[in-house]
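For reference, the structure discussed in these notes is given below.
Now the structure itself:
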């Protein structure tokens, strides 16, 4: 693990999910699944990890087949995501050009 | 010191973040044909309710409430249909999309001014007619510019 990076967000699937959540007030399970190309169970697992860290909240609407889950980024999540991206950019700025 | 392997990882992470951040702006369902005239009609109806501004307060307020409820229902439907509907001020749109949004804001200001002028010169019916034509046409133009910008973002991040 590179110093300054958030180990929870560092996982590519979770980083992409956080990037989506940072750009919409709420995001549906289906949108995340389609964009990240993950199975239901894998996406649930990744989102549960972000939820447990306090980075996202989940909201369930309805029951049964018509039920839908949406996710929303928390203030802590936004801070962590922005800090993670800033750390990545700082690392890249310090790298020699690969030309 | 960052190794070559780590540098590749950093670049891949930043690209993944950029692709994810762009997704709500560029992955969207096709806009139905009725969207443009419906919004034009809604704005015209909002202006039209002012016909009853002084004559019938109950009709004026009742019409306003119905139109606002319709708007809330429409936005809720749009949000569910899109799945990650972006909202100005929440997030960072790709520069191509941000440029389209700036033109949208500018065009909207011009439309408001023209409709206000029409209202002043010709009253509510003229303002409502102008609003219908300008909003419907403006949205059609905006949709085309937005689609081109979204295609440019997709191509850049491919």
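Protein chains in written order, with our numbering: chain A, 6 to 104; chain B, 3 to 160.
All residues carry an ideal CB built from backbone N, CA and C; glycine is no exception.
Measuring straight from C-alpha to C-alpha, what distance separates residue i and residue j?
| i | j | result |
| --- | --- | --- |
| residue 24(A) | residue 32(A) | 11 Å |
| residue 159(B) | residue 17(B) | 8 Å |
| residue 147(B) | residue 53(B) | 35 Å |
| residue 43(B) | residue 109(B) | 18 Å |
| residue 102(B) | residue 90(B) | 12 Å |
| residue 79(A) | residue 94(B) | 16 Å |
| residue 129(B) | residue 81(B) | 30 Å |
| residue 87(A) | residue 62(A) | 18 Å |
| residue 57(B) | residue 64(B) | 13 Å |
| residue 33(B) | residue 107(B) | 20 Å |
| residue 47(A) | residue 34(A) | 12 Å |
| residue 114(B) | residue 67(B) | 22 Å |
| residue 111(B) | residue 36(B) | 24 Å |
| residue 149(B) | residue 24(B) | 14 Å |
| residue 118(B) | residue 131(B) | 12 Å |
| residue 89(A) | residue 30(A) | 20 Å |
| residue 50(A) | residue 121(B) | 57 Å |
| residue 84(A) | residue 93(A) | 14 Å |
| residue 48(B) | residue 9(A) | 52 Å |
| residue 140(B) | residue 74(B) | 22 Å |
Return no unless some Cβ of chain B is closer than 9 Å to the Cβ of residue i.
| i | result |
| --- | --- |
| residue 24(A) | yes |
| residue 73(A) | yes |
| residue 31(A) | yes |
| residue 28(A) | yes |
| residue 4(A) | For chain A, the structure presents residues 6 to 104; residue 4(A) sits outside this window and is missing. |
| residue 11(A) | no |
| residue 81(A) | no |
| residue 45(A) | no |
| residue 42(A) | no |
| residue 106(A) | Outside the shown range of chain A, which is 6 to 104, sits residue 106(A), and nothing can be said about it. |
| residue 48(A) | no |
| residue 55(A) | no |
Since I believe residue j is in contact with residue i (beta carbons under 8 Å), could you give me their beta-carbon distance rounded to a whole number of angstroms?
| i | j | result |
| --- | --- | --- |
| residue 98(B) | residue 154(B) | 5 Å |
Going by the CB atoms, is the gap between residue j and residue i shorter than 9 Å?
| i | j | result |
| --- | --- | --- |
| residue 19(A) | residue 55(A) | yes |
| residue 51(B) | residue 72(B) | no |
| residue 15(A) | residue 15(B) | yes |
| residue 2(B) | residue 96(A) | Outside the displayed span of chain B (3 to 160) sits residue 2(B), for which this structure offers no information. |
| residue 27(B) | residue 28(A) | yes |
| residue 136(B) | residue 105(B) | no |
| residue 142(B) | residue 76(B) | no |
| residue 134(B) | residue 12(B) | no |
| residue 26(A) | residue 82(A) | yes |
| residue 152(B) | residue 21(A) | no |
Checking contacts by CB at 9 Å: is residue i closer than that to chain A?
| i | result |
| --- | --- |
| residue 156(B) | no |
| residue 148(B) | no |
| residue 145(B) | no |
| residue 248(B) | This structure cannot settle anything about residue 248(B), because the visible part of chain B is limited to 3 through 160. |
| residue 65(B) | no |
| residue 141(B) | no |
| residue 111(B) | no |
Exercise. Evaluate contact between the region 121 to 136 of chain B and the region 63 to 82 of chain A, counting only Cβ atoms and requiring at least three cross-stretch pairs below 8 Å.
Key: At 8 Å Cβ cutoff, the stretches do not touch.
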